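Novice: Mind having a look at this structure? Questions to follow.
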Amino acid sequence: MQVLPCLLCGKTLEKRIDKNGKPYFVCDPCGIQMFIRRKHGIERLEKLLRASEKNLIPFKQHAHRLFEIQALLTEIDGTKKQIRNLETEIGLFFQDKDKLRACNLLKTQLEHLFVELEELANNPLNLQQLS
Ligand SMILES: [Zn+2]
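The sequence shown begins at 3 in my numbering and counts up one residue at a time.
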């Protein structure tokens, strides 16, 4: 059975084939229709499905983990930007103690985010199985 999880609800979606022989997926409750029309996408899909067939159960977790990693990366980027902005504002000569403190807190937070990301990446179910 060739399946993908729905992006939004995680429901298992079976691969369907349209009248042109192209694969697509439908999630009825969410109203999502995902058509894969180009060769590049179809090849990637085949690869993904082969990987998930070998290991069907962890696949849902893969989708979940992918979102977690993406969310963490976005958060890391945002935190870095905030630090950069504060550092520009703090100035070299007349340092604002509150801003300095905020900046240090953000740096600690950034460290935590990296630790979290490492933990996700070191998990045995990591995403390299899909590449
Ligand atoms: Zn859905």
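Glycine included, C-beta positions come from ideal geometry on N, C-alpha and C.
It should be emphasised that the depicted structure is a prediction, and the values quoted were computed from it without experimental measurement.
Kindly give me the distance between the Cβ atoms of PHE37 and LEU6, rounded to whole angstroms, as I take these residues to be in contact under 8 Å.
Specialist: Rounded, the Cβ-Cβ distance is 13 Å, inconsistent with contact.
Novice: Quick one: residues with CB closer than 6 Å to any heavy atom of ligand 1, in chain order, please.
Specialist: Per the Cβ criterion, the list is CYS8, LEU10, CYS11, LYS13, CYS29, PRO31, CYS32, ILE34.
Novice: Can you name the residues that DSSP bridges to PHE116?
Specialist: Paired residues: none, contrary to the question.
Novice: Put CYS105 into one of helix, strand or coil per three-state DSSP.
Specialist: helix
Novice: Pop quiz: LYS82 and LEU112 are said to be a contact at Cβ under 8 Å. What is the actual Cβ separation, rounded to whole angstroms?
Specialist: 7 Å
Novice: What does the alpha-carbon distance come out to for the pair ILE78 and ARG103?
Specialist: For ILE78 and ARG103, the gap between their C-alpha atoms comes out near 19 Å.
Novice: Return the CA-CA distance between ARG40 and GLU89, expressed in angstroms with no decimal places.
Specialist: Near 46 Å, if we compare the C-alpha coordinates of GLU89 and ARG40.
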